[in-house]
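To start, the structure under review is shown below, and the notes come after it.
Protein chains: 2
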Amino acid sequence: MLSMWMSDLAAASGLPVATVKFYLREGLLPPGEATGATRARYDDSHVKRLRLIRALTEVAGLRLDAVRAVLAMVDDDSRSFHQAMGSVHHRLSAGRGDASPMALAQVDALVARRGWQLYEPNPHRLALARALDALAGLDHAASDDLLDDYADAAQAVAERDVAAVGREDRVAGAEHAVVGTLLLEPVLVLLRRMAQEDASARLSEGSRKS
Amino acid sequence: MLSMWMSDLAAASGLPVATVKFYLREGLLPPGEATGATRARYDDSHVKRLRLIRALTEVAGLRLDAVRAVLAMVDDDSRSFHQAMGSVHHRLSAGRGDASPMALAQVDALVARRGWQLYEPNPHRLALARALDALAGLDHAASDDLLDDYADAAQAVAERDVAAVGREDRVAGAEHAVVGTLLLEPVLVLLRRMAQEDASARLSEGSRKS
DNA sequence: CAATATTGGAGATCAGCACTATCCAATGTC
DNA sequence: GACATTGGATAGTGCTGATCTCCAATATTG
Chain A
72 MLSMWMSDLA AASGLPVATV KFYLREGLLP PGEATGATRA RYDDSHVKRL RLIRALTEVA
132 GLRLDAVRAV LAMVDDDSRS FHQAMGSVHH RLSAGRGDAS PMALAQVDAL VARRGWQLYE
192 PNPHRLALAR ALDALAGLDH AASDDLLDDY ADAAQAVAER DVAAVGREDR VAGAEHAVVG
252 TLLLEPVLVL LRRMAQEDAS ARLSEGSRKS
Chain B
72 MLSMWMSDLA AASGLPVATV KFYLREGLLP PGEATGATRA RYDDSHVKRL RLIRALTEVA
132 GLRLDAVRAV LAMVDDDSRS FHQAMGSVHH RLSAGRGDAS PMALAQVDAL VARRGWQLYE
192 PNPHRLALAR ALDALAGLDH AASDDLLDDY ADAAQAVAER DVAAVGREDR VAGAEHAVVG
252 TLLLEPVLVL LRRMAQEDAS ARLSEGSRKS
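These protein sequences, in sequence, are chains A and B.
For the first sequence, position 87 matches number 158 in the working numbering, and the numbering has no gaps at all.
For the second sequence, position 88 matches number 159 in the working numbering, and the numbering has no gaps at all.
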């Protein structure tokens, strides 16, 4: 089915018509091709766009303004993966408040140890420092050693992802990569939860008396 | 300062008095010791509790009902880390909707490959399958190979965390461990974003003509 | 000890977000 | 030509998280 009306689009995407209208109004879904004053045709690209919007909100947990920013990236072919990912990530990590100089220094030290090249101003740095402050404030300060282990794991998946981008999507545009990267974030978190459940089960089992 | 009034508590935590009152009403903050009909004293434990609430909402991104569940765990010494973490994680991964049998099978295969022991019903399994469905629906299906790499990374940090719990907190109660685990989730995500920014910078630099 | 300011409890109110419902005129269909 | 459908505009809903307003009881100060 290449061409459809709004109600078909809604049916195809499993969303209420009212919601499709809402996304149109918000500029998240491009308008269909008008066939008259009160009718418009939509096609497969609109179905896919709706799937993307729902994936970004439901799976990646983005709010609609962040979705709008991601879609703007996706629609702009002129950006490289690197540029697109940068804009998107920077927007996602942005947040209010400031961090202690100590936590910032710990982050900077980590970045230096790793030899990471980051752009300034870098919202990840601030967000991470705030997380470390929160941990420290609860008597749960993260050691450099712990951060290194976490960074090892993070770097392993990040390099894997970027290598995949270099292989597949260098020319094809940034969309695939950005979308994949965003949706894999919750995957990593979920896998950590599962792995932790398993490890914790082993621990409590191993220590059980009988 | 061991004993204070509500306005001092608000000042000490950096929150408006109205917000402190709100948390009291919501049962997130235990009531102070009443010294009369209209006065109550609060202490350090209340300051720390407020820090915990804000860390869970701002850093870990939990909603107040999830915070309430975590606090209930924290206040209940009778649970092991394993039990507490299970309840909390299961609540966090809970979500609406269902997943395709294909995605569920892929998750089950992964779990089987890893030899992970998970409890049923397991919300992580469903949530992960839904994420995989979303990826597949956007022509970005995750291969078993990719999942294995992600699981490697997830398992590495999970085992590190659980080992730390076994070392420090076996007796001390589950609070530390649960809180640390929750707050380290965003840390891992942020580190992945930073590592990706670095890897992507290297890639685009390495491929630049001059 | 009286005057004044502060405290904290209860309820109402508000703001932001993501939708959802109602109108309505134009249009397509039978 | 009667009738239902479409889709644009506008207003309203439900939820969450927080803030405002009142007020009587209480502490502090002169």
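Using N, Cα and C, we set each Cβ at its ideal position, and we do this for glycine too.
Closer than 8 Å at the beta carbon, the chain B residues around residue i
i: L254/A; result: A202, A205, L206, L209, H211
i: L199/A; result: V258, L261, L262, M265
i: E230/A; result: A266, A270
i: H117/A; result: By Cβ distance, chain B contributes nothing, its closest Cβ being about 14 Å from H117/A, past 8 Å.
Residue closest to residue i, alpha-carbon to alpha-carbon, out of the options
i: G85/A; options: Y94/A, S116/A, L73/A, R122/A; result: R122/A
i: H247/B; options: L218/A, G208/A, V178/A, H161/A; result: G208/A
i: V250/B; options: L133/B, D79/B, A82/B, T109/B; result: L133/B
i: Y94/A; options: D215/A, L142/A, A108/A, R110/A; result: L142/A
i: A202/A; options: L259/B, D210/B, S151/B; result: L259/B
i: T106/A; options: M75/A, L127/A, P192/A; result: M75/A
i: L73/B; options: D115/B, V88/B, D179/B; result: D115/B
i: L261/B; options: A234/A, L218/A, R264/A; result: L218/A
i: A82/B; options: E276/B, Q154/B, A176/B, H117/B; result: H117/B
i: A266/B; options: D146/A, R196/A, P257/A, D204/A; result: R196/A
i: D204/B; options: R96/A, S78/A, A126/A; result: A126/A
i: A176/A; options: G157/A, D215/A, Q154/A, G168/A; result: D215/A
i: T109/B; options: A155/B, M77/B, A234/B; result: M77/B
i: H153/A; options: A234/A, E256/A, R264/A; result: A234/A
i: M157/B; options: P192/B, A180/B, P87/B, D146/B; result: The amino acid at residue 157/B is misidentified as Met; the sequence shows Gly. For G157/B, the nearest C-alpha among the options comes from P192/B.
i: Q226/B; options: R185/B, D147/B, R264/B; result: R185/B
i: T128/A; options: D147/A, R264/A, P257/A; result: P257/A
i: R264/A; options: I124/B, A155/B, A89/B; result: A155/B
Beta-carbon proximity check, residue i vs residue j, cutoff 7 Å
i: L100/A; j: R120/A; result: yes
i: Y113/B; j: G98/B; result: no
i: A329/A; j: E230/B; result: It is not possible to answer for residue 329/A, since the shown part of chain A is limited to 72 through 281.
i: A200/B; j: A174/B; result: yes
i: A198/A; j: L206/A; result: no
i: P194/B; j: A165/B; result: yes
i: V228/A; j: A272/B; result: no
i: M144/A; j: V130/A; result: no
i: D220/A; j: T252/A; result: no
i: G237/A; j: L163/B; result: no
i: E268/B; j: L254/A; result: no
i: D150/A; j: A245/A; result: Before going further, note that residue 150/A is Arg rather than Asp in the sequence given. Yes.
Cross-chain neighbours of residue i in chain B, by beta carbon under 9 Å
i: Q177/A; result: Those within 9 Å of Q177/A in chain B number zero; the least Cβ separation is about 12 Å.
i: P172/A; result: Under the 9 Å cutoff, chain B gives no residues; its nearest Cβ is about 17 Å from P172/A.
i: L80/A; result: Simply none; closest approach about 15 Å.
Listed by chain order, chain A residues near residue i by CB distance under 8 Å
i: L259/B; result: Y221, A224, A225, L259, V260, R263
i: M75/B; result: What M75/B touches in chain A: nothing, since even the nearest Cβ is about 18 Å away.
i: M156/B; result: Q267, E268, S271
Contacts of residue i in chain A (Cβ-Cβ under 9 Å)
i: G251/B; result: L206, L209, H211, A213
i: S275/B; result: S151, F152, H153, Q154
Partners in chain A for residue i, counting only beta-carbon separations shorter than 7 Å
i: H160/B; result: R264, E268
heavy atom of the ligand SAM below 6 Å from residue i C-beta
i: L255/A; result: Looking for the ligand SAM in the displayed structure turns up nothing, as the structure carries no ligands at all.
Exercise for the section: Let me know the alpha helix (DSSP H) ranges lying completely inside the stretch 177-257 of chain A, each 4 residues or longer, listed in chain order. Expected result: 194-208, 215-239
Exercise for the section: Could you pull out every unbroken beta strand (DSSP E) segment of at least 3 residues lying fully inside the stretch 97-131 of chain B, listed in chain order? Expected result: 104-107, 110-112
Practice task
Residues of the stretch 120-148 of chain A with a CB closer than 7 Å to any CB of chain B: list them in chain order, please.
Solution key: R122, L123, A126, V130
Practice task
Name, going along the chain, the residues of the stretch 82-115 of chain A whose beta-carbon falls closer than 7 Å to a beta-carbon of chain B.
Solution key: none
Handout entry: Minimum length 4: unbroken alpha helix (DSSP H) runs contained in the stretch 129-169 of chain B
Key = 135-146, 152-164
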